[in-house]
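Peer 1: According to our numbering, numbering within the sequence shown proceeds without interruption in unit steps and concludes at 322.
Just so you know, even glycine gets a beta-carbon here, dropped at the ideal spot from N, CA and C.
Quantities reported herein were computed from a predicted structural model and do not represent experimental measurements.
My structure is below; once you've seen it, I'll send some questions.
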Amino acid sequence: MTETLPQLLLRLSEGGEPAYLWGRDAARYERREVDRLVNAGVLVESGVAEEWEVCPSCCCGADVRPVQAVGDVWRAICPVNHRADTVLTAEELCYFDIRVPALIGEIARSSGFRSPPSLMLPGLWCLGDTAVGRAVFLAITRAALAERWIVTALRDASRGRPITLLHPHPLGDAGASFVQAGFWLVPAAAALPTFKLDTRQLAPPMAGVRLVVHAARRMAALDGIEIALPPQSLTVLKMLVEARLKEPTWVSGHDIEAALSQRTAADVVRDLKTVLNRSVKGSGNLIEGARLPGRYRLTLELHQVQLLP
Ligand SMILES: [Zn+2]
């Protein structure tokens with residue numbers, strides 16, 4: 014599988030700053046995508062290369078070739094054989110500075126984290142909490158994870174919540190202590206095929222749990238996919254989960270109308286189903302309705318739902 018632009022930028026940043034994206038690599042991606050990152054301040058056009066890699070199987074013995082303008086054409090000059098000169102375009106010759114804080118900001122914003130990411134130490138960022146209450150950290154460099162006290166530092170920063178650590182792959186020696194500490198480890202490239210985190214990767218599959226409602230964050234996660242809930246949909250879904258967690262599993266339309274004045278239960282349940290279907294196709298079917306008297310329930314099993322305060 015070819016590397017996406019976010020994956021490439023993370024990989025190029027693994028050695029710490031300064032990190033550069035070469036024009037010839039940027040040219041493999043859609044211009045629109047690169048321009049967007051320039052506008053967002055993630056990439057800053059920094060200059061033009063004055064040196065180029067030596068020609069393949071050259072006998073000149075040099076590490077790099079000088080780039081020279083010959084007329085209005087740029088050439089990487091081979092000192093041995095001018096027929097081995099490489100003609101270069103301006104696009105290939107330019108390079109971008111990768112601004113890591115802006116890159117992390119772009120990831121956090123696209124992924125819907127509430128507050129801006131915070132830098133814990135060079136190369137290690139705290140992104141925030143997921144809908145299911147995990148603290149997510151993103152390590153850009155391996156060096157950041159090599160400190161002895163890093164497990165303690167991450168635990169302190171997570172304030173008791175379970176930890177998901179996105180890391181450069183392969184992780185190296187540090188991995189064992191993180192596994193022992195109970196961290197959920199995810200190669201950053203696997204969770205970031207786009208700038209929006211693939212939330213399904215962020216937590217270990219919980220034994221059978223499919224729907225988690227995180228009331229304080231107004232979020233639900235269904236099969237790991239995060240769903241933002243408008244206030245009325247949150248209220249109804251919470252009632253349905255609470256009912257599912259204890260008998261009887263049905264919620265009467267009357268109770269829903271009492272909780273949400275001025276709207277019929279059928280209306281607000283329809284809205285909730287729309288919200289669910291928009292995020293996870295077909296998931297509106299998880300809510301079953303019955304008439305006489307009007308009532309609703311979740312079709313999930315007791316062990317498949319979880320309610321976080
Ligand atoms: Zn050469």
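Measure the CB-CB distance between Leu-285 and Ser-246 and report whether it falls below 8 Å.
Peer 2: Residue numbering aside, residue 285 sits at position 272 when the sequence shown is read from its first letter. Residue numbering aside, residue 246 sits at position 233 when the sequence shown is read from its first letter. For Leu-285 and Ser-246, yes; Cβs fall inside 8 Å.
Peer 1: List, from N- to C-terminal side, the alpha helix (DSSP H) runs of 4 residues or more that fit wholly inside the region 106–166.
Peer 2: Counting whole runs of 4 or more residues, the region 106–166 contains the alpha helix (DSSP H) stretches 113–123.
Peer 1: How would you label Glu-119, buried or exposed, when you count the other beta carbons within 10 angstroms and need 16 or more for buried?
Peer 2: By 1-based counting over the sequence shown, the position of residue 119 is 106. Buried, because 16 or more other Cβ atoms sit within 10 Å of the Cβ of Glu-119.
Peer 1: I need the DSSP call for Ile-240, collapsed to helix, strand or coil.
Peer 2: In the sequence shown, residue 240 corresponds to position 227, counting from 1. Of the three classes helix, strand and coil, the one that applies to Ile-240 here is strand, per DSSP.
Peer 1: Would you kindly check if the distance between the Cβ of Arg-174 and the Cβ of Asp-142 is under 8 Å?
Peer 2: Looking up residue 142 in the sequence shown gives position 129. Looking up residue 174 in the sequence shown gives position 161. Result yes, Cβ atoms of Asp-142 and Arg-174 sit closer than 8 Å.
Peer 1: For Val-67, is the beta carbon positioned less than 7 Å from some heavy atom of ligand 1?
Peer 2: Position 54 of the sequence shown holds residue 67. True, at least one ligand heavy atom lies under 7 Å from that Cβ.
Peer 1: Please check the pair Ala-204 and Gln-214, which I expect to be a contact at CB under 8 Å, by giving their CB distance rounded to whole angstroms.
Peer 2: Counting from one through the sequence shown, the residue named residue 204 turns up at place 191. Counting from one through the sequence shown, the residue named residue 214 turns up at place 201. Yes, they are in contact, since the Cβ atoms of Ala-204 and Gln-214 sit about 4 Å apart, within 8 Å.
Peer 1: Hey, quick one: how far does the alpha helix (DSSP H) through Gln-20 stretch, first residue to last?
Peer 2: For the purposes of this step, residue 20 is identified with residue 7 of the sequence shown, where counting begins at 1. Per DSSP, Gln-20 belongs to the alpha helix (DSSP H) from 18–25.
Peer 1: Which residue comes first and which comes last in the beta strand (DSSP E) that contains Arg-283?
Peer 2: To locate residue 283, count along the sequence shown from 1; it is residue 270. Run containing Arg-283: none in the beta strand (DSSP E); it sits in the alpha helix (DSSP H), 278–292.
Peer 1: What is the DSSP secondary structure of Gly-297, reduced to helix, strand or coil?
Peer 2: If you number the sequence shown from 1, residue 297 lands on position 284. In the structure shown, Gly-297 sits in a helix (DSSP, three-state: H, G or I).
Peer 1: Going by DSSP, what residues sit across from Met-232 in a beta bridge?
Peer 2: Here residue 232 corresponds to residue number 219 of the sequence shown, with the count starting at 1. DSSP lists His-227, Ala-241 as partners of Met-232.
Peer 1: According to DSSP, Gly-60 sits in a beta bridge with which residue or residues?
Peer 2: Counting from 1 along the sequence shown, the entry for residue 60 is found at position 47. For Gly-60, which the question treats as bridged, DSSP gives the partners Tyr-108.
Peer 1: Run the proximity test for Val-77: is its beta-carbon closer than 7 Å to any non-hydrogen atom belonging to ligand 1?
Peer 2: Position 64 of the sequence shown, counted from the first residue, corresponds to residue 77. Not under cutoff, so the answer is no.
Peer 1: Taking the C-alpha atoms as reference points, what is the distance between Ile-240 and Ala-216?
Peer 2: By one-based count along the sequence shown, residue 240 stands at place 227. By one-based count along the sequence shown, residue 216 stands at place 203. So the alpha carbons of these two residues sit roughly 15 Å apart.
Peer 1: Smallest Cα separation from Arg-37: which of Trp-197, Leu-101, Arg-78?
Peer 2: On the sequence shown, position 24 is the one that residue 37 refers to. Closest by alpha carbon: Leu-101.
Peer 1: Going along the chain, which residues of its own chain have a beta-carbon closer than 8 Å to the beta-carbon of Val-192, five neighbours each way excluded?
Peer 2: Sequence index remark: in the sequence shown, residue 192 carries index 179 (1-based). Correct list, in chain order: Leu-198.
Peer 1: Assign Val-254 to one of three DSSP states: helix, strand, or coil.
Peer 2: By one-based count along the sequence shown, residue 254 stands at place 241. Reduced to three states, the DSSP call for Val-254 is helix.
Peer 1: Is Glu-46 helix, strand or coil when you go by DSSP?
Peer 2: What you label residue 46 is simply residue 33 of the sequence shown in a count that begins at 1. Reduced to three states, the DSSP call for Glu-46 is helix.
Peer 1: Would you kindly work out how many angstroms separate the C-alpha atoms of Gln-275 and His-267, rounded to a whole number?
Peer 2: Working through the sequence shown from its first residue, we reach residue 275 at position 262. Working through the sequence shown from its first residue, we reach residue 267 at position 254. Approximately 12 Å between the Cα atoms of the pair.
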